[in-house]
Amino acid sequence: MSADVPEYRTLFIGGRWVEPSGTDVIDVLSPHDGGLVGRVPHATREDVDRAVTAARTAFDDGPWPRMTMEERLTILERLQKLMAARAQEFAALISRQNGSPIGWSVTNQVLGAVGHFAVTAQAAAALPMEEQRQGMRSPLVVRREPVGVVAAVVPWNVPQFTAASKLAPALAAGCTVVLKPSPETPLDAYLLAEVAAEAGLPEGVLSVLPADREVSEYLVAHPGVDKVAFTGSVAAGRRVMEVAARNLTRVTLELGGKSALIVLPDADPDVVVRTVLTGSFLNNGQACVALTRVLLPRTRYEELSVRLTEAVAALTVGDPLDLTTEVGPLVTKRQQARNLDYIRIGVEEGATLLTGGGVPEGLEAGAYVRPTLLGDVTNDMRVAREEIFGPVVCLMPYDDEDEAVRIADASDYGLSGAVVTADTERGLDIARRIRTGTFTVNGFSIDLTAPFGGFKNSGIGREFGTAGLTAYLEQKAIALPAT
Numbered sequence: 001m002s003a004d005v006p007e008y009r010t011l012f013i014g015g016r017w018v019e020p021s022g023t024d025v026i027d028v029l030s031p032h033d034g035g036l037v038g039r040v041p042h043a044t045r046e047d048v049d050r051a052v053t054a055a056r057t058a059f060d061d062g063p064w065p066r067m068t069m070e071e072r073l074t075i076l077e078r079l080q081k082l083m084a085a086r087a088q089e090f091a092a093l094i095s096r097q098n099g100s101p102i103g104w105s106v107t108n109q110v111l112g113a114v115g116h117f118a119v120t121a122q123a124a125a126a127l128p129m130e131e132q133r134q135g136m137r138s139p140l141v142v143r144r145e146p147v148g149v150v151a152a153v154v155p156w157n158v159p160q161f162t163a164a165s166k167l168a169p170a171l172a173a174g175c176t177v178v179l180k181p182s183p184e185t186p187l188d189a190y191l192l193a194e195v196a197a198e199a200g201l202p203e204g205v206l207s208v209l210p211a212d213r214e215v216s217e218y219l220v221a222h223p224g225v226d227k228v229a230f231t232g233s234v235a236a237g238r239r240v241m242e243v244a245a246r247n248l249t250r251v252t253l254e255l256g257g258k259s260a261l262i263v264l265p266d267a268d269p270d271v272v273v274r275t276v277l278t279g280s281f282l283n284n285g286q287a288c289v290a291l292t293r294v295l296l297p298r299t300r301y302e303e304l305s306v307r308l309t310e311a312v313a314a315l316t317v318g319d320p321l322d323l324t325t326e327v328g329p330l331v332t333k334r335q336q337a338r339n340l341d342y343i344r345i346g347v348e349e350g351a352t353l354l355t356g357g358g359v360p361e362g363l364e365a366g367a368y369v370r371p372t373l374l375g376d377v378t379n380d381m382r383v384a385r386e387e388i389f390g391p392v393v394c395l396m397p398y399d400d401e402d403e404a405v406r407i408a409d410a411s412d413y414g415l416s417g418a419v420v421t422a423d424t425e426r427g428l429d430i431a432r433r434i435r436t437g438t439f440t441v442n443g444f445s446i447d448l449t450a451p452f453g454g455f456k457n458s459g460i461g462r463e464f465g466t467a468g469l470t471a472y473l474e475q476k477a478i479a480l481p482a483t
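For the sequence shown, the UniProt record's numbering gives the first residue as 1, with consecutive numbering after it.
The structure is reproduced here in structure tokens:
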């Protein structure tokens, strides 16, 4: 195997590189051309047992939970700086595995992950781990203590960003973690393990286990796990919750979305175009927060649909490692087929193919789909209701503001959303009416200091910042003798 195709023969269990229990491997394939990107061992149930045992021992008897917050944050600051120093290396690995355009990988996948550690450190420094207060009958001491052993199961679309959204607060809180990366994107998790070891995480605090669904389920069901933090599909999230419930294991679930961008009649068309390009086609459309439904006022539907069609048709599609690429391939041929199938279904249901559809010429070897706009979409169509997870966006006309809100809210999901308007107060009023976890007025934004999570089928719990940190802390009340 060539030097630029890494092959790992060991697993990172409890802070050590050890031989795997089995002989199966995971071949990571390029979404750009199908070539081999790297190879890692496939973790087994026995490896899960070893990792959970190491995490359990480190939590019950090791130094990490017993350090002061300042001591833990010093080590995590080293980890953060090491990640930042190797940002280009992380980003290239991610783009080669999942097709994210390299520029987006640097700024969002990697520097976003670094940002999680920085924001969590600020939140942790400001959050007292022990407080004294007067109770009803006697003085009280209220403590915040780490929840325990955490199973962090992360997806392939934003692997480092979602890993950091779990690792940063869990580790800061004093938890120990078994990280389970997706089999499509394990290589950057291995690089993270190298960085964690160099930063000085104590023995047992972190393990990295690449594995398939069956082994993941075994990890989630493990009696030694105190909390599961999962990002993925709604179907997988339901299964995680079902399996974790057997042991009453705590869960945080960040699931899918079908988010709406409401364009009000007074909207600036340039802002509309910019919001769609950045909020709908980010990461090749492989983002749970993507604005995949664009609601346009009927009075301006033709004007705005023409502008959007021109802008989307002009997007540069190509090799994710090319800095000029704006839309890369989907993660696998299976995802490509899924997207192409949804485009066909949309047209059969009555939608108009405004631009895109099909595979770009010259890129047939990869998992590419042309950035696609479907026009005249109504809410009874599958393409308006189901998460497609790719560069496919629906344009939906509406007649008045109340109808726009009804359409936006008529979804099983509630993760993200946005509005474009010349009147900020009017936009804020729209935001208050939509049942969704995050919302942006005039643009598209995810703020690492703000609570992140969904309503309805988009998940349970919140991540990021203080909200994310407290998800890994239990509260204990101690009553003292009355004075």
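Note that the Cβ used here is the ideal one computed from N, Cα and C, for glycine as well.
C-beta atoms of A431 and V420 nearer than 8 Å: no
Span of the alpha helix (DSSP H), counted from its first residue to its last, around V306: Y301 to A313
Starting from the C-beta of residue 486, find all residues in its chain whose C-beta is less than 7 Å away, skip the five residues before and the five after it, and write them out in chain order. Only positions 1 to 483 of the chain appear in this structure, which leaves residue 486 out of reach.
I need the straight-line Cα distance from D341 to G390, nearest angstrom please. 12 Å
For S259, count neighbouring Cβ atoms within 10 angstroms of its own Cβ and tell me buried if that reaches 16, exposed if not. buried
From T470, P481 and T483, pick the residue whose C-alpha is nearest to that of M129; which is it? T470
Once DSSP output is grouped into helix, strand and coil, what is the label at I388? Coil, per DSSP.
Bounding residues of the beta strand (DSSP E) (the contiguous stretch that carries S207): L206 to V208
Spatial distance of I434 from T352 (CA atoms): 27 Å
Compare the beta carbon distance of D33 and A337 with 8 Å and say whether it is the shorter of the two. no
What are the boundary residues of the alpha helix (DSSP H) that includes R435? Run containing R435: none; DSSP gives neither H nor E here.
Are the Cβ atoms of G257 and L415 separated by less than 8 Å? yes
With three or more beta-carbon pairs closer than 8 Å as the criterion, would you say the region 306-320 touches the region 355-373? yes
R238: which of S280, E217, I345 and Q134 sits nearest, CA to CA? Cα-wise, what sits closest to R238 is E217.
DSSP on F464, reduced to helix/strand/coil? coil
Quick check: the Cα distance between R78 and F12, rounded to an integer number of angstroms? 19 Å
Applying the criterion that 16 or more other CB atoms from any shown protein chain within 10 Å of the CB defines a buried residue, is M136 buried or exposed? exposed
Just to confirm the assignment: which complete beta strand (DSSP E) runs, minimum length 3, are found wholly within the region 321-409? 352-355, 372-375 and 392-398
Touching by the beta-carbon criterion (3+ pairs, under 8 Å), the region 314-326 and the region 398-417: no
What's the call for L36, buried or exposed, on a 16-neighbour Cβ count within 10 Å? exposed
Over what stretch of residues does the beta strand (DSSP E) that includes K476 continue unbroken? L473 to A479
Can you check which of these residues, A163, L248 and A245, is closest to L206 by C-alpha distance? A163
Is the distance from the Cβ of A197 to the Cβ of A170 below 8 Å? no
Suppose only complete runs of 4+ residues qualify. What are the alpha helix (DSSP H) ranges in the region 55-97, listed by chain order? Within the region 55-97, the complete alpha helix (DSSP H) runs of at least 4 residues are 69-85.
Which residues in the same chain have their Cβ closer than 8 Å to the Cβ of L140, if we skip the five residues on either side of it in sequence? Q132, R133, Q134, A477, I478, A479 and L480
Limits of the beta strand (DSSP E) - the one that R39 falls within: L36 to P41
How many angstroms separate the CA atom of P101 from the CA atom of A51? 33 Å
Could you please give the first and the last residue of the uninterrupted beta strand (DSSP E) stretch that includes P128? Note, P128: premise wrong, no beta strand (DSSP E); not H, not E.
Would you kindly report the start and end of the unbroken beta strand (DSSP E) that includes G237? G237 -> not in any beta strand (DSSP E); alpha helix (DSSP H) instead, spanning V234 to A245.
Under 8 Å, do V208 and P183 count as touching if we go by C-beta distance? No. Outside cutoff.
Pop quiz: residue 485 and F161 are said to be a contact at Cβ under 8 Å. What is the actual Cβ separation, rounded to whole angstroms? Because the chain in this structure spans residues 1 to 483, residue 485 falls outside the shown range and cannot be described.
Based on Cα-Cα distance, which residue from P31, R9, W17 and V18 lies nearest to V25? R9
In DSSP terms, what D27 is bridged to: In DSSP, D27 forms a bridge with R39.
Relative to the alpha-carbon of T483, which residue among P65, A85, V393 and S138 has its alpha-carbon at the smallest distance? S138
So, V251 versus Q475, is the Cβ gap smaller than 8 Å? no
Would you identify the three-state DSSP class for L295, choosing helix, strand or coil? In the structure shown, L295 sits in a strand (DSSP, three-state: E or B).
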